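Everything below concerns the one structure shown next.
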Amino acid sequence: MRQKVKEAVGAAIETMLLSAGGEKSPPPAVSVEVPPEEKFGDFSTNAAMVSAKIFKKSPLKLAEELASALRADPLFESVAVAPPGFINLVVKKSEWTDEFRGIPDDNSEYGKLPAREGEKVLVEFVSANPTGPLHIGHGRGAAVGDAIARLLKKAGYDVAAEYYTNDTGLQMENLGRSTLVRYKQRFGQDVPFPENGYQGEYINDIAKRVADVHGDKFLHSAEADALPFFSSFTGEVILDDIKADLDRFRVRFDVWTSERAFHASGAVEGALNSLLAAGMIYENEGALWLKSKELADDEKDRVVKRTSGATTYLAADIAYHADKYKRGFTKIIDVWGADHHGYVARMKAAVKALGRDPDSLQPILIQIVSLKKDGQIVAMSTRSGKFTTLKEVLDEVGVDAARFTFLTRSHDAQLEFDLDLTKRQTSDNPVYYVQYAHARISNIFVQHQNAGNTSRGIPDWTLCNEDEVSLMKKCLAFPDLVEDSAKGLAPHMLTHYLVELANMFHKYYHASRVITPDAALTATRLALVARVRTVVKNGLELLGVSAPEKM
RNA sequence: GCGCCCGUAGCUCAGCUGGAUAGAGCACCGGAUUUCUAAUCCGUAGGUCGUGGGUUCGAGUCCCGCCGGGCGCACCA
938 MRQKVKEAVG AAIETMLLSA GGEKSPPPAV SVEVPPEEKF GDFSTNAAMV SAKIFKKSPL
998 KLAEELASAL RADPLFESVA VAPPGFINLV VKKSEWTDEF RGIPDDNSEY GKLPAREGEK
1058 VLVEFVSANP TGPLHIGHGR GAAVGDAIAR LLKKAGYDVA AEYYTNDTGL QMENLGRSTL
1118 VRYKQRFGQD VPFPENGYQG EYINDIAKRV ADVHGDKFLH SAEADALPFF SSFTGEVILD
1178 DIKADLDRFR VRFDVWTSER AFHASGAVEG ALNSLLAAGM IYENEGALWL KSKELADDEK
1238 DRVVKRTSGA TTYLAADIAY HADKYKRGFT KIIDVWGADH HGYVARMKAA VKALGRDPDS
1298 LQPILIQIVS LKKDGQIVAM STRSGKFTTL KEVLDEVGVD AARFTFLTRS HDAQLEFDLD
1358 LTKRQTSDNP VYYVQYAHAR ISNIFVQHQN AGNTSRGIPD WTLCNEDEVS LMKKCLAFPD
1418 LVEDSAKGLA PHMLTHYLVE LANMFHKYYH ASRVITPDAA LTATRLALVA RVRTVVKNGL
1478 ELLGVSAPEK M
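Counting from 938, one number per residue, gives the positions in the first sequence under the numbering used here.
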């Protein structure tokens, strides 16, 4: 509906431009939005205010002229002008009910926007190093990344979700050494634990598995011989756990990429060489540097190959992003932890060096999650083994509550996750509020069937009262929410919308009975709530939250 | 010291790319169910949008200074 109104307003402006004698400036950025209060109408537009300069008229006068043009449009019931120049539009009730009828009773496709030709989006997220279990911060990134991928798909983009594994390098060595030492300690050897080793209990478990399968086979071999096995074995075990956690969290990836593979295939060397040839990388003091300062106004140039000859993490990431573009993606979204924000400039520089538009790379920084437990903030660090794992959180509060909570906040606001509250809150948590709306509607149909009805009857939309039309309007905004939250990469907008919709429904449920003695009225209301349920269900689906029939 | 994010009700947070009288949940207090699930609904109360300037028809939103909190500033990842 918003789209229809937009077109009507756009057409009115265009007509005025023509009659005013000309294609002057391009049409300004006119916005059509749902006003803050119902008394201002269904939609309002700032058209007159933003184009007052072009027409060289006062906003109020221009608004009057546009309004009289819009009054001729059969779409509108009424058109009003309010100072300082808003045009408030009320759409005919029959237009609303006609469009509302078009929402399927029960169809997961509703809200899907037309496919966008030539747009291929890659969303890379989580991408946690396989050095330890996922913690709550990863959980937030997972929920947000997954919801963004779902939203973009719904908004018509061709989307792939991807996880990049840093399965090589110093940290992996460090990880392998940690397991190796634990392994030796199991056999009674007095070996000191590495200073920067991973101290988590899970390392012990993995050491035990090695001992169970291989006995003391590695006890006397040199560290250099044993380490590769311990590194890759530990990494694999942990990655399997990560995959299991993500699966339980309803996060799916289309592709798993491996840093090691980029090294093995020569892609890293290849990328460096071509950038060297292009003059984007230079040598200094025995190392290779990316001109990130010049390319993206980074604080300084960044090393991609050390004097030791070893490449840096950035080098692999350059090769990785070159690969992303080669695979035909036109938009690349990287979901990172906020502690990586210093990485944005150099990555943009890398993209530019590769000859791509830096704006096509869009890093999303997920702010810190602080966990509150027993009224206290819990500090977290993977290496020290002190953290609350995603698994623990899911065990306590459940997948639905965890996902919903993560998706209630904007990704760039810090989030305090109060474990006790979220757990205890089972009756008041917004997630249950929304789910309850779905369950309530479902139960209405159970009741209707229990009464011996086999058909829902034929709705008569002229019977709808004001509350019902309001509910319809809210439902019909769903595609707009898909569009807006996809465009803004902001799933929390959808979350808040669902709470509002659930609120409207609960109010309606309390005020009006759906099943009544009047057959036509019942049929109409059944048709209404069936569509409300479709929207709630589809909305929750985009957040990755279940829509139960019963609660 | 430099850079990024944040500062909105007692608490946790929305406020959609500048729009009309700043919202929701929790907590507190008071009410509502003979009828489709009370995990619900209705009502009261709660604010100098950290602070001081600036930009314009109009600022919680944009710009600058300051205060406070978080995160970064590697030939680590």
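For glycine and all other residues, C-beta sits at the position ideal for the given N, C-alpha and C. Just so it is clear, the structure is predicted and the values come from calculations on it, not from any experiment.
- Item | Alpha-carbon spacing of G1476 relative to V1371, whole angstroms | 10 Å
- Message: Could you give the first and the last residue of the continuous beta strand (DSSP E) run that contains E1353?
- Response: L1352 to D1355
- Compare the C-alpha of A1467 against each of V1018, N1066, K1091 and S1045 and name the closest. S1045
- Message: Pop quiz: T1116 and A1144 are said to be a contact at Cβ under 8 Å. What is the actual Cβ separation, rounded to whole angstroms?
- Response: 5 Å
- Message: Would V1272 and P1300 be called neighbours here (beta carbons separated by less than 9 Å)?
- Response: Against a cut-off of 9 Å, the Cβ pair of P1300 and V1272 comes out as a contact.
- Message: Assuming the contact rule is C-beta atoms closer than 8 Å, V1419 and G1082 should be a hit. Round their C-beta distance to whole Å, please.
- Response: Actually they are not in contact, since the Cβ atoms of V1419 and G1082 sit about 17 Å apart, beyond 8 Å.
- Message: Using the three-state DSSP reduction, which class does R1189 fall into: helix, strand or coil?
- Response: Of the three classes helix, strand and coil, the one that applies to R1189 here is coil, per DSSP.
- Give every residue of the same chain whose Cβ lies closer than 6 Å to the Cβ of K1491, excluding the five residues on either side of it in the sequence, and list them in chain order. Since the first and last residues shown for the chain are 938 and 1488, residue 1491 lies out of range.
- Item | Identified DSSP bridge partners for S981 | E970 and N1025
- For D1153, I'd like the list of residues in its chain whose CB is within less than 7 Å of its CB, leaving aside the five on either flank, ordered along the chain. Within the same chain, and ignoring the five residues on either side of D1153 in sequence, the residues whose Cβ sits closer than 7 Å to its Cβ are F1124.
- Find the nearest neighbour of T1171 within the set G1069, I1255 and Y1101, judged by alpha-carbon distance. G1069
- Query: Taking Cβ to Cβ, would you say I1269 is nearer than 9 Å to E1061?
  - Reply: yes
- Query: Quick one: complete alpha helix (DSSP H) runs, 4+ long, within the region 1070-1105?
  - Reply: 1073-1091
- Query: Does the Cβ of Y1219 have 16 or more other Cβ atoms within 10 Å, making it buried, or fewer, making it exposed?
  - Reply: exposed
- Query: What distance in whole Å lies between the Cβ atoms of A1080 and L1071, which are believed to be in contact at a cut-off of 8 Å?
  - Reply: Contact doesn't hold; Cβ gap of about 11 Å is too wide.
- Coil, strand or helix - F1130 by DSSP: coil
- Message: Quick check: the region 1023-1037 against the region 967-980, are at least 3 beta-carbon pairs closer than 8 Å?
- Response: Taking 8 Å as the limit for Cβ pairs, the verdict is that the region 1023-1037 does touch the region 967-980.
- Query: Does the beta-carbon of Q1384 have 16 or more other beta-carbons within 10 angstroms, so that it is buried, or is it exposed?
  - Reply: Label assigned to Q1384: exposed.
- Message: Tell me which residue opens and which closes the alpha helix (DSSP H) that R1393 is part of.
- Response: Here R1393 belongs to no alpha helix (DSSP H), and DSSP marks it neither H nor E.
- Query: Span of the alpha helix (DSSP H) holding N1111?
  - Reply: L1107 to R1123
- Would the beta-carbon of I1381 fall within 9 Å of that of A1460? No, the pair does not count as a contact, with Cβ atoms beyond the cut-off.
- Item | Whether V967 touches N983 by CB criterion (9 Å) | yes
- Message: Quick check: the region 1156-1168 against the region 1187-1199, are at least 3 beta-carbon pairs closer than 8 Å?
- Response: no
- Item | Boundaries of the alpha helix (DSSP H) in which G947 is found, first to last residue | G947 -> alpha helix (DSSP H) spans R939 to S956.
- Item | Distance between G1335 and A1233 (C-alpha atoms, nearest Å) | 43 Å
- Are the beta-carbon atoms of G1055 and T1267 separated by less than 9 Å? Yes, they are a contact pair.
- Identity of the residues DSSP links to R1239 by a beta bridge: L1227
- Query: For the putative contact between L1479 and L1431, defined by C-beta atoms under 8 Å, what is the C-beta separation to the nearest angstrom?
  - Reply: 6 Å
- Message: On the CB-based measure, 16 or more other CB atoms within 10 Å of its CB, does V969 come out buried or exposed?
- Response: buried
- Exposed or buried, Q1108, counting other C-beta atoms within 10 Å across all chains shown (16 or more means buried)? Around the beta carbon of Q1108, a 10 Å sphere encloses 16 or more other beta carbons of the protein chains shown; the residue is thus reported as buried.
- Item | Where L1358 sits in the DSSP three-state scheme | helix
- Task: For N1103, count neighbouring C-beta atoms within 10 Å of its own C-beta (all shown protein chains included) and say buried if the count is 16 or more, exposed if not.
- Result: buried
- Query: How do the region 1246-1263 and the region 1284-1292 stand: do at least 3 beta-carbon pairs fall below 8 Å, yes or no?
  - Reply: Three or more Cβ pairs closer than 8 Å define a contact, and the region 1246-1263 meets that threshold against the region 1284-1292.
- Item | Extent of the continuous alpha helix (DSSP H) run through A1000 | Its alpha helix (DSSP H) spans residues P996 to L1007.
- Can you tell me whether DSSP reads V1063 as helix, strand or coil? coil
- Message: Beta-carbon within less than 6 Å of A1000's beta-carbon, same chain only, minus the 5 sequence neighbours each way: which residues are those?
- Response: A985, V1018, G1022 and I1024
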